Structure formats: C-alpha cells, structure tokens
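**Student:**
Numbering (our numbering), first residue to last: 14 to 264.
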C-alpha cells in the first residue's frame, strides 16, 4: 500500500477543485464548544490543500497548518499565503514540530483515519494549552440513496483498497480510546455537492483509491462511472450527499 503521506501527491489538482467544503454550522459548533475567539491559536493537522484551513482564516483565526505531503502543502500555500494569520508547517500528526502548549484548539478534517492514534494523542497533548480541545471532522458520503448506493458499489468493485482506507472503519470505541476518559461530543450537519459529468469524474479522481489514468482499471472504471451518471442524473447533474461529522473533546 502506498505511503499514506504520499497518497494524494498525484491528485492535488482534482482535490483542490472538486472536494467538498464544510457547512458554516459545523464551524459554529467548533467555535462555540471550544470557546474560541479571534486571538485563539488553532492547529489544522493534516491540513492538505487547505480547504478547512481557509474557513478558519475567514473567521479571523490564527492558524498553523501542519501537512506532511509537499504537493498538497504547496497547493495550500499558493491559495492561502495572503492571509497574515496563516502559517504553513511541514510536519505530521505524530510529529508536528510545534512548540509545547502552543495552541488552543486542534482540528483535523478528513485526515484522522490516516494517523497513528497513540502517538498522535501524545503529540496533541504536548502542543495543546490547558483546557484545549480537539475536533475530528469528516464529510461522510451517504450511501442510503440510489446514486450513493450505486456509487459505493462501483468503488467496491474497481477501487482495490477502498475498504482498507475508508474512515468508516473507525468506530465508537476508537474515539472513546482517543479522547480523554472516553468523553466526547458528536455533532452532525447536512452537506451536499452537485456535479455534472465532468465534475463527477474530477470528484472521483480526487479520492486516493480511485484508479488513475494508466492503470488497468482506469478506463473500465470511468466508463462505468459514466453509465452510473446517465442512470441517475437529473437535469444533467447528480448529488453527492454528505453528513459532516464532528467528534469533539479533550485528549
């Protein structure tokens, strides 16, 4: 299996263009539960191309974005470098390079399932200030509608390691063992993207498990995706429905 820190190196363009953002209500929840103010220091761990980082910066927060993948980190820096309160760091969840007691809150969007939990917990405790909180966030694609169910089956058929890297493998016990005393809050918010065929093709290729051009499965996968689009499209678009999930607590 590919080194997790390099899994998205050849998908950055699609990731920037086609991955979903996060609803304002999800940000409201984090700011309210964490008692965050504009002067608060937030670490975005596994910040990728900066999708969640941007939302924090737009609220005036001081954000240090920690990302080990150079291609994704450079893409974020190109987009966010104009923000005075933005700092980009080459580091990982297990070794952030940040100073002790230096941040008020840690967020990790669409990334925690790549981390080693025990060493990540130690590192988070080291860099968090007293009473600091952690928010683990995912846009979980729904598979309970006809398009979502068929798309999931398509991935199971063509994407060889889809089952292995899907964050749905995390369960309540995993979060209970990560958060202090097994205590955390979970919040859910509706989210959606709408795609024409080109957008759907770009969205699927932003996923680390989707077959890339040049691989044996790519052409049959993309042809099956087109068939799926034609089956489910309404007025030339299909809907990707998500639940934005937040797991919030202390570590």
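All C-beta atoms, glycine included, are put in the ideal place defined by N, C-alpha and C.
Bear in mind the structure is a predicted one, so any value in this text is a computation, not a measurement.
Closer than 6 Å: is that where the CB of residue 249 sits relative to any heavy atom of the ligand FMN?
**Tutor:** The model depicted lacks the ligand FMN and carries no ligand whatsoever.
**Student:** Taking the C-alpha atoms as reference points, what is the distance between residue 57 and residue 225?
**Tutor:** If you take the alpha carbons of residue 57 and residue 225, they lie about 28 Å apart.
**Student:** Which whole-angstrom value is the C-beta distance of residue 188 and residue 255, which I expect to be below 8 Å?
**Tutor:** 19 Å between Cβ atoms; not a contact.
**Student:** Would DSSP call residue 201 helix, strand or coil?
**Tutor:** Correct three-state label for residue 201: strand.
**Student:** Is residue 166 helix, strand or coil by DSSP?
**Tutor:** In the structure shown, residue 166 sits in a helix (DSSP, three-state: H, G or I).
**Student:** Would you give the residue range spanned by the beta strand (DSSP E) that residue 153 belongs to?
**Tutor:** Note, residue 153: beta strand (DSSP E), 141–154.
**Student:** Assuming residue 89 and residue 101 make a contact with CB atoms under 8 Å, what is their CB distance in whole Å?
**Tutor:** With a Cβ gap of about 6 Å, residue 89 and residue 101 count as contacting.
**Student:** How many Å lie between residue 205 and residue 253 at the Cα?
**Tutor:** About 6 Å.
**Student:** Please tell me whether residue 223 and residue 172 are closer than 7 Å, where the distance is taken between their beta carbons.
**Tutor:** In this structure, residue 172 lies closer than 7 Å to residue 223 by Cβ.
**Student:** What three-state label does DSSP hand residue 158 in the structure shown?
**Tutor:** Note: residue 158 maps to coil in three-state DSSP.
**Student:** Just the Cα atoms here: how many angstroms apart are residue 242 and residue 151?
**Tutor:** So the two alpha carbons sit approximately 25 Å from each other.
**Student:** Am I right that residue 124 and residue 59 are in contact with their C-beta atoms under 8 Å? What's the rounded C-beta distance?
**Tutor:** Going by Cβ atoms, the distance from residue 124 to residue 59 rounds to 3 Å, so yes, they are a contact pair.
**Student:** Round the Cβ separation of residue 146 and residue 262 to the nearest angstrom and send it over; I've been treating them as touching at under 8 Å.
**Tutor:** At roughly 7 Å, the Cβ-Cβ gap stays under 8 Å, so residue 146 and residue 262 are in contact.
**Student:** Quick check: residue 231 and residue 160, are their CB atoms within less than 7 Å of each other?
**Tutor:** Cβ atoms of residue 231 and residue 160: not closer than 7 Å.
**Student:** Return the first residue and the last residue of the alpha helix (DSSP H) that residue 128 is part of.
**Tutor:** Neither: residue 128 is in no alpha helix (DSSP H) and is coded neither H nor E.
**Student:** DSSP state of residue 82, grouped into three classes?
**Tutor:** Looking at residue 82 - three-state DSSP - the assignment turns out to be coil, as it is neither helix nor strand.
**Student:** Of the choices 40, 94, 221, whose alpha-carbon is the least far from that of residue 69?
**Tutor:** Among 40, 94, 221, the Cα nearest to that of residue 69 belongs to 40.
**Student:** Could I get the ranges of all uninterrupted beta strand (DSSP E) runs contained in the region 59–105, with 3 residues as the minimum, in chain order?
**Tutor:** Fully enclosed beta strand (DSSP E) runs of 3 or longer: 75–79, 99–102.
**Student:** With residue 42 as the anchor, note down where its alpha helix (DSSP H) starts and where it stops.
**Tutor:** Counting along the chain, the alpha helix (DSSP H) containing residue 42 begins and ends at 37–46.
**Student:** State the CB to CB distance for the pair residue 167 and residue 237, rounded to an integer number of angstroms; the pair is presumed to be in contact (CB under 8 Å).
**Tutor:** At roughly 6 Å, the Cβ-Cβ gap stays under 8 Å, so residue 167 and residue 237 are in contact.
**Student:** Pick helix, strand or coil for residue 194, following the three-state DSSP scheme.
**Tutor:** Reduced to three states, the DSSP call for residue 194 is helix.
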